[in-house]
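The UniProt record's numbering puts the first residue of the sequence shown at 1, with every later residue one more than the last. We treat Cβ as the ideally placed atom computed from N, Cα and C, and that holds for glycine.
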Amino acid sequence: MRAMVLEEIGSPLVPVERLLPEPHAGEIRLRVEACAVCRTDLHVIDGELPRPKLPLVPGHEIVGIVEAVGAGVDEARIGRRVGVPWLGHTCGTCFYCRSNAENLCDEPQFTGYSRDGGFATHVVADEDYAFELDPGADPVSLAPLLCAGLISWRSLKRAGDGRKIGLYGFGAAAHIITQVCARQGRQVYAFTRAGDRSGQRFARDLGAVWAGGSDEAPPVLLDAAIIFAPVGALVPRALKAVRKGGRVVCGGIHMSDIPAMPYALLWGERELLSVANLTREDAREFLAIAGQAGVRTHTTAYRLSDANRAIADLRTGKLNGAAVLVP
């Protein structure tokens, strides 16, 4: 098998030839059809998330065909298309797992972080964290749903039932959840990098009722705002943009420091929340909703060997939508 491997933090990925991995009990092996590139991959590569498994194959938005199964796995899964997300395994016994909060598991495994991921031709996954996907759909289009879609869905649930939703950082996650919001009859207010006219047009084309820079105030007070950009300075701006009783949800796994801010921005029973990982129930809910809403992802495909270029394009904001590696 071929893989793009992170050998040292902060270094480019290296192409490596490896033996095919064998699935252990409860595991499956996939032939990877597509794997999207997520901003979390940048946080792993740059060392902003501590202690990754090294050497590491990144990638956690995986679409593939099951080609081998380990002991205890139904052989009927062979030949089926499945998706593998960030949360790759939970202990099942800690307080959080027993409290229907497996996203907060004390001993989790994460795909492309603590176990090898999908920047490769093949990957092994826990069968309980591999979700059935439409066999007739385009695998490149499906890949961003496995993280950008799932995290944006969990973030929207945390944002509550408000109708006016602000989205700060209009990348892969925002472009997906905007379509869901439009289907639900909500109004989306999109915030991009200052001066990013292309990104603002992209947001309006997907159904946003307003789009402007993250340094601008929206034309109305928002019921809730979701911050996808890893920029702590956006937190006080978003709090200022929501009404009394509104919510601000931080949807990323990493964010720069939040600056000191006056208590008045939080007062008025505004709420500041974060989203951590996802649950299997989130995945089942969202994949069904994405199909019902007719979500269409906007992607740029790259060869597996061009993974470093895809990462650079994501880092510099050259993409509208998501980068996807195709082995």
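Checklist entry - Counting only runs that start and end within the stretch 95 to 123, where is the alpha helix (DSSP H) found for 4 or more residues in a row? => result none
Checklist entry - Can you give the Cα-Cα distance for G317 and A323, rounded to whole angstroms? => result 11 Å
Checklist entry - Do you know how far the Cα of G79 is from the Cα of Y129? => result 17 Å
Next on the checklist: Just to confirm the assignment, what range does the beta strand (DSSP E) spanning D227 have?
Outcome noted: According to the sequence shown, residue 227 is Ile rather than Asp. From DSSP, the beta strand (DSSP E) with I227 extends over 222 to 227.
Item to check | Spatial neighbours of V63 in its chain, beta-carbon cut-off 6 Å, leaving aside the 5 residues before and after | outcome: E33, A34, G83, P139, L142, A143
Checklist entry - From what residue to what residue does the alpha helix (DSSP H) around F191 run? => result Premise fails: F191 lies in the beta strand (DSSP E), 187 to 192, not in any alpha helix (DSSP H).
Checklist entry - Is DSSP giving A293 helix, strand or coil here? => result helix
Checklist entry - When we look at the beta-carbon of W86 and count the other beta-carbons within 10 Å, is it buried (16 or more) or exposed? => result buried
Checklist entry - Is DSSP giving residue 343 helix, strand or coil here? => result Residue 343 lies beyond the range of the chain shown here (1 to 327); nothing can be said about it.
Checklist entry - Name the DSSP beta bridge partners of V140, please? => result Paired residues: none, contrary to the question.
Checklist entry - Which residue spans inside the stretch 232 to 299 form an unbroken beta strand (DSSP E) run of at least 3? => result 242 to 250, 271 to 274
Checklist entry - Within 10 angstroms of its Cβ, does T93 collect 16 or more other Cβ (buried), or is it exposed? => result exposed
Item to check | G26 to Q109 span [Cα, whole Å] | outcome: 14 Å
Checklist entry - Per DSSP, F131 is paired with what? => result G83
Item to check | Nearest neighbour of V242, chosen from S256, I45, R163, S114 [CA to CA] | outcome: R163
Next on the checklist: In the DSSP output, which residue or residues are listed as bridge partners for V69?
Outcome noted: I28
Next on the checklist: Quick check: what's the CA-CA separation for S274 versus E75?
Outcome noted: 39 Å
Checklist entry - Hey, is the stretch 170 to 178 in contact with the stretch 105 to 122, meaning 3+ C-beta pairs nearer than 8 Å? => result no
Next on the checklist: Only counting the same chain, and skipping five residues up and downstream in sequence, which positions put a Cβ closer than 8 Å to that of V201?
Outcome noted: In the sequence as displayed, the identity of residue 201 is Arg instead of Val. Hits under 8 Å: A211.
Next on the checklist: Quick check on the burial criterion: 16 or more other C-beta atoms within 10 angstroms. Buried or exposed for D196?
Outcome noted: buried
Checklist entry - Between which two residues does the alpha helix (DSSP H) carrying G213 extend? => result Here G213 belongs to no alpha helix (DSSP H); instead the beta strand (DSSP E) covers 210 to 213.
Next on the checklist: Under DSSP, the beta strand (DSSP E) around V16 begins and ends at which residues?
Outcome noted: 14 to 17
Item to check | Three-pair Cβ contact test at 8 Å for the stretch 1 to 15 versus the stretch 118 to 127 | outcome: yes
Checklist entry - Excluding the five sequence neighbours on either side, which residues of its own chain have a C-beta within less than 7 Å of the C-beta of L206, listed in chain order? => result H175, T178, Q179
Checklist entry - If you drop the 5 nearest sequence neighbours on each side, which residues of the same chain put their C-beta closer than 7 Å to that of L133? => result V63, R81, V82, G83, L142
Checklist entry - Is the stretch 251 to 267 close to the stretch 209 to 225, with three or more CB pairs under 8 Å? => result no
Item to check | Bridge-paired residues (DSSP) for H43 | outcome: None; H43 has no bridge partner.
Item to check | Opening and closing residue of the beta strand (DSSP E) in which V324 lies | outcome: 322 to 326
Checklist entry - Three-state secondary structure (DSSP) at E75? => result helix
Item to check | According to DSSP, residues forming a beta bridge with I165 | outcome: V188, A224
Next on the checklist: Using only the alpha-carbon positions, how far apart do I9 and Y96 sit?
Outcome noted: 31 Å
Next on the checklist: R247 and A224 - do their beta-carbons sit closer together than 8 Å?
Outcome noted: yes
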